[in-house]
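Chemist: Each residue of the sequence shown is one higher than the last, beginning at 1 in UniProt numbering.
Quick reminder that beta carbons are idealized off the backbone N, C-alpha and C, glycines included.
Here's a structure for you.
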Amino acid sequence: SPTGSHVEWCKQLIAATISSQISGSVPSEGVSRDYRALRDGNKLAQMEEAPLFPGESIKVIAKDVMYICPFMGAVSGTLTVTDFRMFIKSVERDPPFVVDVPLGVISRVEKIGVQSHGDNSCGIEIVCKDMRNLRLAYKQEEQNRLEIFENLVTRAFPVSNGLPLFAFSYKEKFAVNGWKVYDPMAEYKRQGLPNESWKISKINSTYELCDTYPAVLVVPTSVKDDDLSKVAAFRAKGRVPVLSWIHPESQATITRCSQPSVGPNDKRCKEDEKYLQTIMDANAQSHKLIIFDARQNSVADTNKAKGGGYESESAYPNAELVFLEIHNIHVMRESLRKLKEIVYPTIDETRWLSNVDSTHWLEYIRMLLAGAVRIADKIESGKTSVVVHCSDGWDRTAQLTALAMLMLDSYYRTIKGFEVLVEKEWISFGDRFAMRVGHGDDDHADADRSPIFLQFIDCVWQMTKQLFLITILDHLYSCLFGTFLCNCEKERLKEEVSTKTVSLWSYINSQLEEFTNPFYVNYENHVLYPVASLNHLELWVNYYIRWNPRMRPQVPIHQNLKELLAIRTELQKKVEDLQREAATRSISSSSDRGSSPSHSATPVHTSV
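Right under this line is the structure:
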């Protein structure tokens, strides 16, 4: 067991960590509730060692490690580091207390330490990407302790240390192959494509036109490959306008791209101008094209001075340019940092609302939803085709196109359809997951990191309040599945992700009953317009504050309904069993009486 001075040092560390703890004493039942609430990342376990996935192996085991829990105090236990997780199991509690953290969740690992009563103790602070931080303490002089920090750093940041991500070692078998969820040809066929105005092009089959675009693109039928190449040369990163979605009745379309390379001298490209005119002409019901630029007008002007820019109405006479004034990735990263500060480890209840407001997180969610509503409304009510872009045609572009498509197309509001939407608009169109998340990379200060996909999922949660969204976000970071690895389709093919890793959709689709919403009603061609007002938005407590056991969880009404439906099913089965038993006894009784008048059993009727 740890020495007394080591325990004393741990107490000092706790005091430094949680000096601003929520005021007031916590009753014993509150502590018990706190303990139960920690189980989802700190779940109960009845095993001697860390549970291992197929392909997972233990790298180091260290005893007498202290986990400095901000809610329960110091917990002494055994630390196990594998090539996938950091696992701590208490030795002095029954049942044991467990902390189980996927290494992919870790953003930063730092040594901390103090001299306490002559006992040279060391500590480790672990900063996570999922809104929590962890602190460990151990005695430095023992030899195996020297391995703890090095192993954590090496395994938490495999890419920086020349090692593969764990997803390439994970060997779990599922009944459903999630890599087959998205077939671009099948999805475009579902949308009624190709048609007389739009064709499926293989010009990017070797990723030469645009190395961050998918191999299969939908472009106007009349466009020639040479002209498309000239358009690509005029658009940032070669990301030409291509179709994302087409309205089944009006033929109004959502196309996505990057900014034009107009520059300070107002450079023009006649092929690009003609190309956008062709997109407008493909929709016979409108003689206008709306270009939604996600950026702030002032930022777009700055980009123009640097060689980028936006479409002028003089060069594109039938186009209307609309700036959505959405901030960039750096602003969003800072907003999430502020949000984390106010939700973990302590919450100032007296200033809760003003603190949330000061992060501007919900305001940025509102701006995204409002922008997507404007896009969807132009398509549905205005029957007008739209072009969506930001600077490079990912991040804000993917957020807006995917949200608008979710509002417009009921198919994307099914589990399978939502998986297709994520695969199509985010993964295949080259959203920079590896760069934005920093999979396996120890450069936590990288300016390219940003919670762009998290924001999108938060917007979806505001619309649907669905449970399985947390599962998606957990595995955005975990590196257990291959779904969100790499930055584009070209990279994923090179790394053979679909053959060497397991898809997240394999896991989800093999247990659909866990994620299905019993309230779901399939209204075909029904457009869902969320109210993009701060009065109707709320902080996603079950995600952002799930590690704080003192925060009352948001229990979705559909979750309660699922539990009631399960009880009803069980009761119905019991009723049916009793009815069969009563009927059998009635028949048996009639046979025994021979010529006696028969009596039939009265069936039990239920109104469930």
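#1: Using DSSP with H/G/I as helix, E/B as strand and the rest coil, what is E49?
#2: Relative to the alpha-carbon of S286, which residue among S381, F53, S76, F481 has its alpha-carbon at the smallest distance?
#3: In terms of alpha-carbon separation, which member of W179, V98, R135 lies closest to K416?
#4: If you reduce the DSSP assignment to three classes, tell me which class K274 lands in.
#5: Tell me whether the beta-carbon of A372 lies closer than 7 Å to the beta-carbon of L408.
#6: Verify whether the separation of the beta carbon atoms of L289 and S385 is less than 7 Å.
#7: Please list the segments of the alpha helix (DSSP H) lying wholly inside the stretch 286-338, counting only runs of 4 or more residues, in order along the chain.
#8: How many Å lie between E349 and I545 at the Cα?
#9: For P184 and P214, which I take to be in contact (beta-carbon distance under 8 Å), what is that distance rounded to the nearest angstrom?
#10: Indicate whether G440 and P70 have their beta-carbon atoms separated by less than 7 Å.
#11: Could you spell out the range, first to last residue, of the alpha helix (DSSP H) harbouring K202?
#12: When burial is assigned at 16 or more other CB atoms within 10 Å of the CB, is H526 buried or exposed?
#13: Looking at Y170: is its Cβ nearer than 7 Å to the Cβ of L480?
#14: Applying the 10 Å Cβ sphere with the 16-neighbour rule, what's the burial state of T82?
#15: Grab me the residues of T606's own chain with a C-beta within less than 6 Å of its C-beta, minus the 5 sequence neighbours each way, in chain order.
#16: According to the neighbour-count rule (16 or more other Cβ atoms, all chains shown, within 10 Å of its Cβ), is G430 buried or exposed?
#17: Which term fits residue 610, buried or exposed, when burial requires 16 or more other beta carbons within 10 angstroms of its beta carbon?
#18: Could you tell me whether the stretch 489-506 touches the stretch 445-454, where touching means 3 or more Cβ pairs closer than 8 Å?
#19: When you compare only the Cα positions, how much space is there between T471 and S478?
#20: Ends of the beta strand (DSSP E) at D64?
#21: I'd like the list of long-range same chain contacts for W540, defined as Cβ closer than 7 Å, with 5 residues on each side in sequence excluded.
#22: Taking the alpha carbon of A50 as the point to measure from, which residue in G73, V65, I68, T78 has its own alpha carbon closest?
#23: State the beta-bridge partners of K340 as determined by DSSP.
#24: Can you look up C459 in the DSSP assignment and give me helix, strand or coil?
#25: I need the boundaries of the beta strand (DSSP E) containing N133, first residue and last residue.
#26: I think Y310 touches A319, with their Cβ atoms under 8 Å apart; what is that distance to the nearest whole Å?
#27: With distance defined between alpha-carbon atoms, name the residue in G73, H330, S90, Y507 nearest to T80.
#28: Buried or exposed: K267, going by 16 or more other Cβ atoms within 10 Å of its Cβ?
#29: Would DSSP call G55 helix, strand or coil?
#30: Under the assumption that T516 contacts S503 (Cβ atoms under 8 Å), give the Cβ distance between them as a whole number of angstroms.
#31: Using CA coordinates, which residue listed in P530, V101, K573 is at the minimum distance from A370?
#32: Measure how close the beta-carbons of E468 and I508 come, nearest whole angstrom, since I'm counting them as under 8 Å.
#33: Confirm, please, whether the CB-CB distance from D272 to V331 is below 7 Å.
#34: Taking only runs that begin and end inside the stretch 204-273, name each unbroken beta strand (DSSP E) of 3 or more residues, in chain order.
#35: Measure the beta-carbon distance from Y67 to V60 and round it to whole angstroms, keeping in mind my assumption that it falls under 8 Å.
#36: What first and last residue would you give for the alpha helix (DSSP H) that runs through K129?
Modeler: Result, derived from the coordinates:
#1: coil
#2: The shortest C-alpha separation from S286 is found at S381.
#3: Check the Cα spacing between K416 and each of W179, V98, R135: the tightest is with W179.
#4: Residue state, collapsed to three classes: helix.
#5: no
#6: yes
#7: Entirely contained in the stretch 286-338, the alpha helix (DSSP H) runs reaching 4 residues are, in chain order, 297-305.
#8: Roughly 13 Å between the two C-alpha positions.
#9: 7 Å
#10: no
#11: K202 -> no alpha helix (DSSP H), and no H or E assigned at all.
#12: exposed
#13: yes
#14: buried
#15: At T606, the pLDDT of 33 sits below 50, so the modelled position is not reliable and the matter cannot be decided from this model.
#16: buried
#17: The structure shown has nothing for residue 610, since the chain only spans 1 to 608.
#18: no
#19: 10 Å
#20: 58-69
#21: Around W540: D458, W461.
#22: T78
#23: K340 is not bridged to any residue.
#24: helix
#25: Residues 133-139.
#26: Beta-carbon to beta-carbon, Y310 and A319 are separated by about 10 Å, too far to satisfy the 8 Å threshold.
#27: S90
#28: exposed
#29: coil
#30: With a Cβ gap of about 19 Å, T516 and S503 do not count as contacting.
#31: Across the set P530, V101, K573, the C-alpha of P530 shows the shortest separation from the C-alpha of A370.
#32: Glu is not the amino acid found at residue 468; the sequence shown has Phe there. For F468 against I508, the beta-carbon gap comes to about 6 Å, under 8 Å, which counts as contact.
#33: no
#34: 217-220, 242-246, 253-256
#35: The pair is not a contact, with the Cβ atoms about 16 Å apart (cut-off 8 Å).
#36: It is not in any alpha helix (DSSP H) - K129 carries neither H nor E in the DSSP assignment.
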